[in-house]
Amino acid sequence: MPVEARHPTYPGGTLECSSDGMTASLTSRRGEKERVVELTSERTILYVSLEEIGGRTQIGSSRRPSKVAHGGAHASLVPAGVSAWEWSEPIALHRRLMIEFDHSSTPSLVRSNLEKSGTIWMTQDPAILQCSARLAQAIEAGTHGKRFLSAIALAMIGRFAELGSALAVGGLSRERLRKAQDFLIGNLSADVKMSELAQHVGLSESSFVRAFKASTGLPPYRWQLKLRIDKAKSLMLDGVVLADVAVAVGFASQSHLTRVFRSMTGATPAEWRRMHRRDSSVVSVGSEETWVS
Numbered sequence: 001m002p003v004e005a006r007h008p009t010y011p012g013g014t015l016e017c018s019s020d021g022m023t024a025s026l027t028s029r030r031g032e033k034e035r036v037v038e039l040t041s042e043r044t045i046l047y048v049s050l051e052e053i054g055g056r057t058q059i060g061s062s063r064r065p066s067k068v069a070h071g072g073a074h075a076s077l078v079p080a081g082v083s084a085w086e087w088s089e090p091i092a093l094h095r096r097l098m099i100e101f102d103h104s105s106t107p108s109l110v111r112s113n114l115e116k117s118g119t120i121w122m123t124q125d126p127a128i129l130q131c132s133a134r135l136a137q138a139i140e141a142g143t144h145g146k147r148f149l150s151a152i153a154l155a156m157i158g159r160f161a162e163l164g165s166a167l168a169v170g171g172l173s174r175e176r177l178r179k180a181q182d183f184l185i186g187n188l189s190a191d192v193k194m195s196e197l198a199q200h201v202g203l204s205e206s207s208f209v210r211a212f213k214a215s216t217g218l219p220p221y222r223w224q225l226k227l228r229i230d231k232a233k234s235l236m237l238d239g240v241v242l243a244d245v246a247v248a249v250g251f252a253s254q255s256h257l258t259r260v261f262r263s264m265t266g267a268t269p270a271e272w273r274r275m276h277r278r279d280s281s282v283v284s285v286g287s288e289e290t291w292v293s
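Numbered per full-length UniProt numbering, the sequence shown spans residues 1 to 293.
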């Protein structure tokens, strides 16, 4: 079982620097077992996984990791008070950078951009990761100064604000929409948790659901449900019996499929199939239909 800790210490060591209500810490962990760490804080946290060797890490709103693999460097912005958990596999080396923001003493421009950003999980935005790497190098070399930390942090938060504002106005980016839709299609018969899907594309659940609907006109659940019904129609036209159709597209039973199908199409599956026959004939046997050539 993973070890839980609220304020962990890492054997690899931690280097810190601070400026204008911002505290940056660079931590190295080596040769550790699987672990879960709560990061929820009274301060806003900018979390960056800089390097992962021999394992992977995740950060999200649940203490349980997503089933979706997410390799490589990633960055998250977690507003004060938002539930956040860091999870890692057994790992040979993990380097992470965290910047904590005290809203009472940070510059007004930083506070403004933090408010625009909202919660963003595990983005791999190149600009943010490049700034993170530069700050980490400066901290390790001991060449950082207060102005440098302030400038880098401001650039990173500015980029997070751009990402957050784009979500609020225009929905998901093309790449994020494709990732979300591919995931829903690949898990057509499964009950997909919105928190897991949101983490897969690097957003908070509320931001993701809002942006997905802005992009597609439907919430994620309804979009996948429509896909299930379309797949059910195709299977019915291929002559698959309704009980098997229900199982294939993720419904608990034939009656469950019938209820949802009728609510979305205005007809039961049997009625719809009779109206959309291919070059075949249908023989009714009790309440089920059998297709014959």
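Here a beta-carbon is modelled for each residue, glycine too, at the ideal position from N, C-alpha and C.
Starting from H256 and walking both ways along the alpha helix (DSSP H), at which residues does that stretch end? 254 to 265
Pick from G142, L26, T216 that is closest to R174, judged by C-alpha positions: T216
Between which two residues does the beta strand (DSSP E) holding Q199 run? Here Q199 belongs to no beta strand (DSSP E); instead the alpha helix (DSSP H) covers 194 to 201.
Which runs of the beta strand (DSSP E), 3 residues or longer, sit entirely within the stretch 113 to 138? Runs found: 120 to 123.
R29: buried (16+ other C-beta within 10 angstroms of its C-beta) or exposed? Its Cβ being crowded by 16 or more others within 10 Å, R29 is buried.
Comparing alpha-carbon positions, which option in W85, T40, G164, G118 lies nearest S62? W85
Environment of residue 310 [buried if 16+ CB atoms lie within 10 Å]: Shown here, the chain extends from 1 to 293; a query on residue 310 therefore has no answer.
Cβ-Cβ distance between S49 and A73 below 7 angstroms: Less than 7 angstroms divides the Cβ of S49 from the Cβ of A73.
Counting pairs of Cβ atoms below 8 angstroms between the stretch 221 to 239 and the stretch 249 to 257, do you hit three or more? yes
Stretch-stretch touch, CB-based, cutoff 8 angstroms, three pairs: the stretch 147 to 165 with the stretch 110 to 128: yes
Whether or not the stretch 224 to 233 and the stretch 260 to 274 are in contact is what I'm after, with contact meaning three or more pairs of Cβ atoms, one per stretch, closer than 8 angstroms; do they touch? With a cut-off of 8 angstroms, the stretch 224 to 233 and the stretch 260 to 274 count as touching, because enough Cβ pairs lie within range.
Just to confirm my understanding: we take L188, look at its own chain, exclude 5 residues before and 5 after, and list those with CB closer than 8 angstroms. What are they? Q224, L227, R228, K231, V249, G250
In angstroms with no decimal places, state the Cα-to-Cα distance between C17 and L93. Spanning the alpha carbons of C17 and L93 requires a straight line of approximately 22 angstroms.
Roughly how many angstroms lie between the CA atoms of S41 and S112, to the nearest whole one? 19 angstroms
Rounded to the nearest angstrom, what separates V110 and D102 at their Cα positions? In a straight line, the C-alpha of V110 is about 10 angstroms away from that of D102.
CB-CB under 7 angstroms to S165, same chain, minus the five flanking residues each way: which ones, in chain order? K116
When you compare each of T106, L242, Q58, Y47 to I128 by their alpha carbons, which one comes out closest? Y47
Based on DSSP bridge pairs, tell me the residues matched to M98. S25, Y47
Our contact map puts G142 next to E89 with C-beta atoms below 8 angstroms; I'd like the distance itself, whole angstroms only. That pair is no contact at about 31 angstroms.
On the DSSP letters alone, give me the boundaries of the beta strand (DSSP E) that E16 sits inside. Counting along the chain, the beta strand (DSSP E) containing E16 begins and ends at 14 to 19.
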